[in-house]
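J.:
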Amino acid sequence: MIDLRAVTKVYPDGHVALREVSLHIERGTTVALLGPSGCGKTTTLKLINRLVSPTSGEVWVDGRDVRRSDAHRSAVVALRRSIGYVVQEAGLFPHLTAQQNVEIVPRLLDWPEARRSDRAKELFSLLGLDLALHGPRYPAELSGGQRQRVGLARAIAADPPIVLMDEPFGALDPLTRRRLQLEFKAINARLRKTVVLVTHDVEEAFLLADRVAVLADGVLAQVGTPEEIRRAPVSEFVASFLGLLGDL
Ligand code: ADP
Ligand code: MG
């Protein structure tokens, strides 16, 4: 479904954010990109929806080289619409209500109003929100947890096969975070999206992901199931990042 092939990203200031990263993500699986701040997680995510272009290497999404879409603006738009994106801190548009935020992509796709509001209603209830109560509120009038729920609803509004999530639960208190993580896990067990989840939280990665890709300073240190990584971390970096060093 998603294939990074020896991707290197050098930012214009010369900073090498990713070095020869190769990663294959199967359809319908959840992969966590795990690593400390600055290791290249967000850059990897943005390569997939083409917000960042690789310096070398290739990014394939659903059988297509995403660079090919560059020549056609409509192809970039189509790519982005097939990918839901939950940005850090939810990233809601502050001047739009919760419902308007959720309906952004359906509106771009020219869904008639009745279909849009039916979908909003369905998503609000899926995510434990009340459309009549929370729909008319602006992001500033919602709690952090509610904002993240709206951000999730917005990302899956048009039912994209792929969902990219950048630290989606990062800004929440521990209780709300755990509740939302478990809800997301239950929801996605049903929806079966291909999910790429960025996190620096080991527990979150192990709880939610089928496979975990550990990044260290722009290099892919290890990829495997949570069990594989827990059982056999390939390096001291991975072991210490997982907090397992004491157990070895
Ligand atoms: P993470 O999401 O893992 O915290 P990022 O992918 O955001 O890391 O960034 C990886 C590295 O690339 C960091 O050192 C960051 O400072 C650098 N970086 C990110 N964006 C840019 C940019 N636009 N220009 C230069 N350096 C950048
Ligand atoms: Mg980041």
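Residues in the sequence shown are numbered consecutively from 0, following numbering that gives the first Met the number 0. Positions of the beta carbon are idealized from the N, C-alpha and C atoms, including for glycine. Owing to the predicted nature of the structure, the values given are computational and were not obtained by experimental measurement.
Could you give the distance in angstroms between the alpha-carbon of P11 and the alpha-carbon of I161?
T.: For P11 and I161, the distance between alpha carbons rounds to 29 Å.
J.: Along the chain, where does the beta strand (DSSP E) that runs through H199 open and close?
T.: Where H199 is concerned, there is no enclosing beta strand (DSSP E), given that its DSSP letter is neither H nor E.
J.: At a cut-off of 7 Å, is D12 close to the ligand MG when judged by its beta-carbon and the heavy atoms of the ligand?
T.: Every heavy atom of the ligand MG is 7 Å or more from the Cβ of D12, so no.
J.: How many Å lie between W59 and P159 at the Cα?
T.: Going by the C-alpha atoms only, they are around 16 Å apart.
J.: Three or more C-beta pairs under 8 Å: does that hold for the segment 79-88 against the segment 41-57?
T.: Output reads yes: the segment 41-57 touches the segment 79-88.
J.: Is T41 near the ligand MG, going by C-beta to nearest heavy atom under 7 Å?
T.: Yes, Cβ of T41 sits closer than 7 Å to a heavy atom of the ligand MG.
J.: To the nearest angstrom, how far is the alpha carbon of L214 from that of A238?
T.: Distance between the alpha carbons of L214 and A238 is about 13 Å.
J.: According to DSSP, is A46 part of a helix, a strand, or is it coil?
T.: Looking at the sequence shown, residue 46 is not Ala but Leu. Helix at L46.
J.: Please tell me whether, using a cut-off of 7 Å, the distance from the CB of A113 to the nearest non-hydrogen atom of the ligand ADP is below it.
T.: No, the Cβ of A113 stays beyond 7 Å of every heavy atom of the ligand ADP.
J.: Taking the CB atoms as reference points, tell me whether V197 and M164 lie closer together than 8 Å.
T.: Yes. Within cutoff.
J.: Measuring alpha carbon to alpha carbon, tell me which of E140, L128, P173 and S142 ends up nearest A152.
T.: Minimum Cα distance to A152 is reached at L128.
J.: Using only the heavy atoms of the ligand MG, determine whether one of them is closer than 7 Å to the beta carbon of V197.
T.: V197 Cβ: within cutoff of the ligand MG.
J.: Report the three-state DSSP secondary structure of A5 (helix, strand or coil).
T.: If DSSP states are grouped into helix, strand and coil, A5 belongs with the strands.
J.: Do you know offhand how far P105's Cα is from G90's?
T.: For P105 and G90, the distance between alpha carbons rounds to 18 Å.
J.: Report back the beta-carbon spacing between L181 and F168 to the nearest angstrom; my notes put them in contact at under 8 Å.
T.: The pair is not a contact, with the Cβ atoms about 11 Å apart (cut-off 8 Å).
J.: How would you call L108, buried or exposed, if buried means at least 16 neighbouring beta carbons within 10 angstroms?
T.: Classification of L108: exposed, given that the 10 Å Cβ count is below 16.
J.: Does DSSP classify R18 as helix, strand or coil?
T.: In the structure shown, R18 sits in a strand (DSSP, three-state: E or B).
J.: Does the distance between the C-beta of A97 and the nearest non-hydrogen atom of the ligand ADP fall short of 7 Å?
T.: No; taking the cut-off as 7 Å, the Cβ of A97 has no heavy atom of the ligand ADP nearer than that.
J.: Which value, in whole angstroms, describes the spacing of the CA atoms of Y137 and E102?
T.: Rounded to whole angstroms, Y137 to E102 spans 14 Å at the Cα level.
J.: Is P232 buried or exposed, if buried means 16 or more other CB atoms sit within 10 Å of its CB?
T.: Label assigned to P232: buried.
J.: Determine the burial state of R26: buried for a count of at least 16 other Cβ atoms within 10 Å of its Cβ, exposed for fewer.
T.: With fewer than 16 other Cβ atoms within 10 Å, it is exposed.
J.: Examine the ligand ADP and report whether any of its heavy atoms sits within less than 7 Å of the Cβ of S36.
T.: Yes, the ligand ADP has a heavy atom inside 7 Å of this Cβ.
J.: Does T193 pass the burial test, meaning 16 or more other C-beta atoms within 10 Å, or should it be called exposed?
T.: T193 should be labelled buried.
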